[in-house]
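Numbering (the numbering used here), first residue to last: -7 to 505.
Each residue gets a CB set at the ideal place from its N, CA and C atoms; glycine is no exception.
Contents: one structure, followed by commentary.
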Amino acid sequence: MTQSDRDDCSTNVPLSGRSPETSQNAARTAFCEIGVLVLDARKRIVAADALAQKLLGRSLAELEGQSLEELWNRMGAREPDPVDRSSGGCCPVDVHSRTWVMPNGEPRHVAVRETTVTTAHEGCTVVLLAEVAALGSEYATLLECRKRFDAFMRHLPGVAYMKDRDGRYVFVSPTFERHFGHPPEHYVGKLDADVWPPEVVQQLRDSDAQVLESGAVVQSTERVPQSDGTHYWLATKFPITNAAGEVVLIGGVAVDITEERRALESLKELQRSAQQRDRLADVGAITAQILHDLANPIAGLSMQVQLILRRAGRDPDRPVGELVQSLGRLLSEVQRLDVLLREFKDFAREQRLELRPVRLRPFLAECVTQWRPVARARDISIHTELPPDLPTVRADPDQLRRAFDNLIKNSIEAIDRGPGAIWVRSTIPHPERVRISVLDDGPGIAPHVDPFRLFETTKPYGTGLGLPIVRQIVEAHGGQIAYEPREPRGVAFHVELPRTGPSWPLPPRMSRE
-7 MTQSDRDDCS TNVPLSGRSP ETSQNAARTA FCEIGVLVLD ARKRIVAADA
43 LAQKLLGRSL AELEGQSLEE LWNRMGAREP DPVDRSSGGC CPVDVHSRTW
93 VMPNGEPRHV AVRETTVTTA HEGCTVVLLA EVAALGSEYA TLLECRKRFD
143 AFMRHLPGVA YMKDRDGRYV FVSPTFERHF GHPPEHYVGK LDADVWPPEV
193 VQQLRDSDAQ VLESGAVVQS TERVPQSDGT HYWLATKFPI TNAAGEVVLI
243 GGVAVDITEE RRALESLKEL QRSAQQRDRL ADVGAITAQI LHDLANPIAG
293 LSMQVQLILR RAGRDPDRPV GELVQSLGRL LSEVQRLDVL LREFKDFARE
343 QRLELRPVRL RPFLAECVTQ WRPVARARDI SIHTELPPDL PTVRADPDQL
393 RRAFDNLIKN SIEAIDRGPG AIWVRSTIPH PERVRISVLD DGPGIAPHVD
443 PFRLFETTKP YGTGLGLPIV RQIVEAHGGQ IAYEPREPRG VAFHVELPRT
493 GPSWPLPPRM SRE
């Protein structure tokens, strides 16, 4: 380095718009005493002011021409604490601290800032030195905060990061290396496309765009291929704003929920297996009951057929009209068999749902309209109380129709002959759930009767399968069904359905109210 360059570096080179001397004097006035070293392009000391010599415990003659790194080594100056640089890869900061022991045995803790400047001939480095004790409690507090932040980031159960508006990482937590195999510096300054496969990049870009557009917190589940297979990360992203309220960074925290998802899948499978076992047990019970129930109609059919044959055999010329009564009884028995077999088939069928949006208000209104003529023939009125803002639910409309048909039919048959009344009401007990109630003023249900038990019925020709089928359909939708007696008479059945359709595991059954 020429003497001209040395003079430029030590006296006249701009540093943030000021010469080192001006910067030094301003800093001394505003904060504390700051020493100045000037290094050439090879990082050798070419100039040192009096305060720098004092802090280092060496004269200018001893310092001149020395390599700064070699000087640190000879002094036993401790390596910069990573906390004092850029905790886990945050925006680079050129201030760090070093500690060494002076010849008199006193420890010295000095903050060091290095700034590269350019002269007319070649570059040099200005090094500012300030004793930490002289910086006051604010600096010590800042260091302590950064140490705590670094400790928090190193022990984070997941990962944390920040990106600028262009999607470049400006900070990643040290835990990235534990989960993804690369240290923070592998990510800082890069875009998602530089570090992730294409299928991951699109997920990240979509959620980043939501944060930038909405200025709100966004939560999503992201699939990330890792060395041991695909992992699922629950990511929460949020905007970081400047003083003007503009989004300048996107912050994110993500937790690996792969094990939880696997456990949930196992729970789903166990629940499906348990339901299948329950179904097989129910089907076995139904089969035994049907064999019993079929015996009487079949015996009746056999007797009626034999009677018709005997009468026809005694007098082949007798008019057919005389056989009408026997044929009527025969038809009645056949109809009983048809109802029994149809309901058995409905119950035994696995509930495979074709889910789509169902507008509940017109859906329930149409269901009631279909049953009004049947009810009117028995002097029974059906009333509806359906709020205009009744929401849409995700459901299988055909299966849901079977469930509410069964409930209304059950009420009509319970009243049998009027005058009587049925009400179909709907309320919203929770923003995510809808309740539909079917109430009647019939005789009610005796305390010892469980209407959801297979073959439990109080009707002369009931099969005891209608309400179990209703419960099966409701629970397949992720819903719940319960009943309660009404005063002075009657019963109310309450069906609650999730607006978004079924989810696993299914919620517990509603208790009897």
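Between the segment 186 to 206 and the segment 223 to 235, the count of C-beta pairs closer than 8 angstroms reaches three or more; the two stretches touch.
Collapsing the DSSP output to three states places D371 in coil. Residues P175 of the same chain have their beta carbon placed closer than 6 angstroms to that of E169, with the five preceding and five following residues left out of the count. Taking C-beta separations shorter than 6 angstroms and ignoring five residues to either side along the sequence, the partners of S429 in its chain run R417, A484 and H486, following chain order. Rounded to whole angstroms, the separation of the alpha carbons of L345 and D408 is 33 angstroms. DSSP places V164 inside the beta strand (DSSP E), whose first and last residues are Y161 to V164.
In the structure shown, the three-state DSSP call for K155 is strand. Between R394 and V462, the alpha-carbon positions lie close to 8 angstroms from each other. Taking 8 angstroms as the cut-off, the beta carbon of V187 is found closer than this to the beta carbon of H178. According to the DSSP assignment, I400 belongs to the alpha helix (DSSP H) that extends over P389 to I407. In the three-state DSSP reduction, T228 falls in the strand class (E or B). For D184, the enclosing alpha helix (DSSP H) stretches over residues D184 to V187. C359 counts as buried, since at least 16 other C-beta atoms from the protein chains shown sit within 10 angstroms of its C-beta. Going by DSSP, F168 is part of the alpha helix (DSSP H) stretching over T167 to F172. When the beta-carbon positions are compared, P494 and G458 stay at least 8 angstroms from each other. The DSSP-derived three-state label of F141 is helix.
Just so you know, the alpha carbons of E123 and R138 end up roughly 19 angstroms apart.
The three-state secondary structure of S429, taken from DSSP, is strand.
Per DSSP, the unbroken alpha helix (DSSP H) holding G458 starts and ends at G458 to A468. For R66, the enclosing alpha helix (DSSP H) starts and ends at L60 to M67. It is roughly 48 angstroms from the alpha-carbon of L196 to the alpha-carbon of T376. Looking from the CA of V240, the closest CA among H171, V247, R160 and V210 belongs to R160. Note that the segment 47 to 59 touches the segment 32 to 39; at least 3 beta-carbon pairs, one per stretch, sit closer than 8 angstroms. The Cβ-Cβ distance between S403 and D442 does not fall below 8 angstroms. Ranked by Cα distance from P349, the first of T361, T384 and P365 is T384. The alpha-carbon separation between P379 and A357 amounts to approximately 11 angstroms. A residue is called buried when at least 16 other Cβ atoms come within 10 angstroms of its Cβ; P365 does not meet this threshold and is exposed.
Here F144 is exposed. Its C-beta has fewer than 16 other C-beta atoms within 10 Å. Around the beta carbon of T167, 16 or more other beta carbons sit within 10 angstroms, so the residue counts as buried.
A straight-line Cα-Cα distance of about 15 angstroms links G243 and G181.
With respect to the 8 angstroms criterion, L382 and L352 are classified as neighbours on the basis of their beta carbons.
Look at F485 here: in three-state DSSP terms it is strand. In the same chain as T492, and ignoring 5 residues on each side of it, the C-beta atoms closer than 6 angstroms to its own belong to R386, in chain order. Just so you know, the alpha carbons of A246 and V151 end up roughly 5 angstroms apart. Looking only at E424, W64, P423 and K401, the smallest Cα-Cα distance to W415 is reached by K401. By DSSP's assignment, T222 forms a beta bridge with P217.
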